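Take a look at the structure set out below.
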Amino acid sequence: MFYGCSLRFVKPIVVYYSPVNIDFWVNSFTPYCVDTRETGFVNAITAAGVTYAITRACTAGSLLECSCEKEIPKPRRGRVTQVPQPPSQVQTDKWQWGGCSDNVRFGLQKSREFMDSRYRKKSDIKTLIKLHNHNAGRLAIKNNMKVECKCHGLSGSCTLRTCWWRMPTFREVGDRLRDKFEGAAKVISNNDGDNFMPESPNIKRPGGVTCKIQSEKPKIVIVNLNGVAK
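Residue numbers 1 to 230, in the UniProt record's numbering, belong to the letters of the sequence shown in order.
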């Protein structure tokens, strides 16, 4: 995970609360970005959340464009798709791939379209960091899919099992991203300006699910409903 935006506050926006019209007021601020550890986590967890929600909706049959995954995904040209293995206790039994798997492929695709499309034509370091962290969030789901199985047989026996893919719980996704957040690497732009590299030569080059940051932790001002800064 890389880090994203520090909060420098300009142009205060006043929203107010009235017992009569139930409007809310707080003193809010419009931030502009300098990448920080916290923003890297927010970008990653947001992309993961979009992927998770869309995939869940597909499985539940709530979307017209997709449904659950009923077959093992076919490998794309030039790529090798690993066939998920059932839990160890199932490997000695007869089992078949079936059921209704979570359609994570559709969730990943729509998450990229929704989260990344506006940034694709940009190549500045802030955009590259944002896109990397979006992908880190999605991979926290894709790389941790689980296999669930159901027994079939007479009188409660388990002579055959049907297995399918399931996403991890979102709590598990959040915990994994939190671990990446705590080990986020600070990066700088390379000489060409079209990619990034670790600021310290002792840090391993960023991988797929490593969170990235560009600047240190910002000072954050929280304003309560009385307009008093905390």
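For glycine and all other residues, C-beta sits at the position ideal for the given N, C-alpha and C. Owing to the predicted nature of the structure, the values given are computational and were not obtained by experimental measurement.
- Check the Cα spacing between Gly174 and each of Met197, Leu139, Trp165, Val187: the tightest is with Leu139.
- Ala60 is classed as exposed because its beta carbon has fewer than 16 other beta carbons within 10 Å across all chains shown.
- Under the Cβ criterion (8 Å, minimum of three pairs), the region 112 to 129 does not count as touching the region 140 to 154.
- Taking 8 Å as the cut-off, the Cβ atoms of Leu108 and Thr51 count as close.
- Annotation for Ser111: the continuous alpha helix (DSSP H) segment containing it runs 104 to 116.
- Apart from the 5 residues on each side of it in sequence, Arg166 sits with its Cβ closer than 8 Å to the Cβ of Ser101, Asp102, Met145, Lys146, Val147, Glu148 in its chain, given in chain order.
- Closest option to Arg112, judged by alpha-carbon separation, among Cys151, Leu64, Gly49: Gly49.
- Counting the other CB atoms within 10 Å of its CB gives Thr169 a total below 16, which places it among the exposed residues.
- In terms of Cα proximity to Trp164, the closest of Ser157, Glu172, Lys150 is Lys150.
- Taking 4 residues as the shortest admissible run, the region 130 to 184 contains the following complete alpha helix (DSSP H) segments, listed from N- to C-terminal end: 170 to 182.
- Looking only at Ile129, Lys130, Lys70, Asn133, the smallest Cα-Cα distance to Val104 is reached by Lys70.
- Excluding its 5 nearest sequence neighbours in each direction, Ser189 has C-beta neighbours in its own chain below 7 Å: Ile125, Phe196, listed in chain order.
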